[in-house]
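Residue numbers (this note's numbering), protein chains in the order written: chain A, 13 to 261; chain B, 13 to 261. We put the beta carbon where it would ideally sit given N, CA and C, even for glycine. Fair warning: this is a prediction, and the values are worked out from it, not measured in the lab. Take a look at the structure below.
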């Protein structure tokens, strides 16, 4: 009998479950579709030099006091006194090219900081879906797809994005999945993919953003493969994954 | 505009998420399809006087030393030195009629003990699905459906059972759901219902039980509506829900 040489790809629904999953993974893809990781991907592709994810408003304020450009979001809204929130359109501003930006959000930046115990952390979204998958396929490493969830709870849009990635990797036959969460995510993605907008109509976070008139942001975040850049965490800063890892779609 | 008078029904995937969900629910249905809550439902319908759920082997041993009949399961197997594990067939033994049985299992009994902060705790399974739903519809209370998961992780079979219950309650228009976990559970159930066995072929726990030659148990646990009894937690003991709450299917 041949040994099963496939690497594992698994889905963790939220940071609260991370402790149960973190062992033995070499790469973690952090996903917060609405909107932190979509905004980070947009920013890095737009030429932002680096994005520094911080977990608390207090940390963000210290950077602001030091003269940094600081983006801060809580509960879907820009925090008073900061430059902008986590709208991807803010991160597409040409003025940010070459600059450092500090970012704190309700869920996404917290998930990034929790993921740090895994050697390599990259940022995924629907926007850079195929690029991330192509790169993962080239790595031959065990992969954890970490949804940021909503305040530690499961959420639909991150699960769909993680399910889409798991599906591509498993279909390649280079990866296998053993966790029920991965089977469920892949299944939910396959059912949602024909019409993501209608599938997510009932999702709690989409309802939250609709109330805040953020429908344009939602459209941006739910459109797959508009970007090719993969942000990677290096020394606590998110930068563009370069050279030897470079992927083209 | 009429006020929305509907009660809430939500799904919590595992005990680890319970803290995030427990507020404001008046009834908790604890679900561990493979196999603890299926066995409890079978036992109570069979005439077992009461089932005492305990979380640890040490607690179970103390009851055993006091002369109780004690069932103990860990990792799918009977714990050495105890009378039986959590096979529903063990709980159908006619010798258990009128007796007290103590039970500890890997996931289910732990979930029951965690659920105690909600005023009313009942036991659900696919076996008593319609009875539980009919009773919940008669209660006009907010309901949390708590999956026991597998060692705090999400599992498919508990989610499908919870999704089936949520679906019935929401379809009645007496209940509404707001959490993404509930939307996902309902959706997974609807896709799985035509062929539960094939859907669950890949599930991690089913694989675990198959290795242990427990396919007959799996068949029993995955067959809906073979039982009508609802076990309810009273003073730390699971007994038959009686008289004023009695339901018939």
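* C-alpha gap between residue 90 of chain A and residue 217 of chain A, whole angstroms -> Residue 90 of chain A and residue 217 of chain A: Cα-Cα distance of roughly 16 Å.
* alpha helix (DSSP H) segment containing residue 67 of chain B, residue limits -> No alpha helix (DSSP H) contains residue 67 of chain B, which DSSP labels as neither H nor E.
* Counting contacts by CB-CB distance shorter than 7 Å, is residue 160 of chain B in contact with chain A? -> no
* In its own chain, which residues sit with a C-beta less than 6 Å from the C-beta of residue 64 of chain B, not counting the 5 before and 5 after it? -> 114 and 249
* Euclidean distance between Cα positions of residue 261 of chain A and residue 240 of chain A -> The predicted model places residue 261 of chain A with a pLDDT of 44, which falls under 50 and marks its position as unreliable; any figure quoted below should be read in that light. Distance between the alpha carbons of residue 261 of chain A and residue 240 of chain A is about 7 Å.
* Asked: Can you name the residues of chain B whose CB is closer than 8 Å to the CB of residue 167 of chain A?
  -> 192
* DSSP bridge partner residues for residue 83 of chain A (one or two, in chain order) -> A:96 and A:115
* Can you tell which of A:134, A:127 and A:76 has its C-alpha closest to the C-alpha of residue 35 of chain A? -> A:127
* Kindly indicate which three-state DSSP category residue 187 of chain A falls into: helix, strand or coil? => strand
* At 8 Å on the CB atoms, spell out the chain A contacts of residue 28 of chain B, in chain order. => Against chain A, a Cβ distance below 8 Å from residue 28 of chain B picks out 28, 29 and 32.
* Asked: By the criterion of Cβ-Cβ separation under 9 Å, what are the contact partners of residue 171 of chain A in chain B?
  -> 192 and 196
* **Simplified DSSP assignment, three categories, for residue 130 of chain B** => coil
* To the nearest angstrom, report how far apart residue 258 of chain B and residue 194 of chain B are at their CA atoms. => Residue placement at residue 258 of chain B cannot be trusted, given a pLDDT of 48 that sits under 50; the coordinates are not used to answer.
* To do: Consult DSSP for residue 22 of chain A and reduce its assignment to one of helix, strand or coil.
  => strand
* What residues in its chain sit with their C-beta under 6 Å from that of residue 173 of chain B, if we drop five residues either side in the sequence? -> 43, 45 and 138
* To do: Find out if the Cβ-Cβ distance for the pair residue 67 of chain B, residue 125 of chain B is shorter than 7 Å.
  => Yes, Cβ-Cβ distance for residue 67 of chain B and residue 125 of chain B is below 7 Å.
* To do: Consider the Cβ of residue 164 of chain A: report whether some Cβ of chain B lies at a distance smaller than 7 Å.
  => yes
* What are the residues that DSSP puts in a beta bridge with residue 249 of chain A? -> A:246
* Proximal residues of chain A, C-beta to C-beta of residue 215 of chain B below 9 Å -> 192 and 195
* Kindly indicate if chain B contains any beta-carbon less than 7 Å away from that of residue 201 of chain A. => Interface criterion not met: the Cβ of residue 201 of chain A is under 7 Å from no Cβ in chain B.
* Just the Cα atoms here: how many angstroms apart are residue 31 of chain B and residue 251 of chain B? -> 26 Å
* Report the residue from B:25, B:28, B:53 and B:33 whose alpha carbon sits nearest the alpha carbon of residue 238 of chain B. => By alpha-carbon distance to residue 238 of chain B, the top candidate from B:25, B:28, B:53 and B:33 is B:53.
* Use the C-beta contact count for residue 22 of chain B: other C-beta atoms within 10 angstroms, 16 or more gives buried, fewer gives exposed. => Classification for residue 22 of chain B: buried.
* **Anticipated Cβ contact below 8 Å, residue 97 of chain A with residue 83 of chain A, distance rounded** => 6 Å
* Three-state secondary structure assigned by DSSP to residue 161 of chain B -> Residue 161 of chain B: coil per DSSP, three-state reduction.
* Asked: Quick one: Cα of residue 99 of chain A to Cα of residue 135 of chain A, how far?
  -> 16 Å
* Asked: On the three-state DSSP scale, how would you describe residue 181 of chain B?
  -> Here residue 181 of chain B sits in helix by DSSP.
* Quick one: what's residue 156 of chain A bridged to in DSSP? -> Beta-bridge partners of residue 156 of chain A (DSSP): A:22 and A:40.
* Apart from the five residues on each side of it in sequence, which residues of its chain come closer than 6 Å, Cβ to Cβ, to residue 233 of chain B? -> 45, 46, 47 and 50
* Out of curiosity, what's the CA-to-CA distance linking residue 155 of chain A and residue 196 of chain B? -> 23 Å
* Asked: What residue from A:169, A:202, A:198 and A:76 has the CA that sits closest to residue 231 of chain A's CA?
  -> A:169
* State the DSSP-derived secondary structure class of residue 254 of chain A, mapped to helix, strand or coil. => coil
* Asked: Quick one, are the C-beta atoms of residue 123 of chain A and residue 158 of chain A less than 7 Å apart?
  -> Yes, the Cβ-Cβ distance between residue 123 of chain A and residue 158 of chain A is below 7 Å.
* So what's residue 120 of chain A in DSSP terms, helix, strand or just coil? -> Note: residue 120 of chain A maps to helix in three-state DSSP.
* Select from B:140, B:191 and B:166 the residue whose C-alpha is nearest the C-alpha of residue 213 of chain A. => B:191
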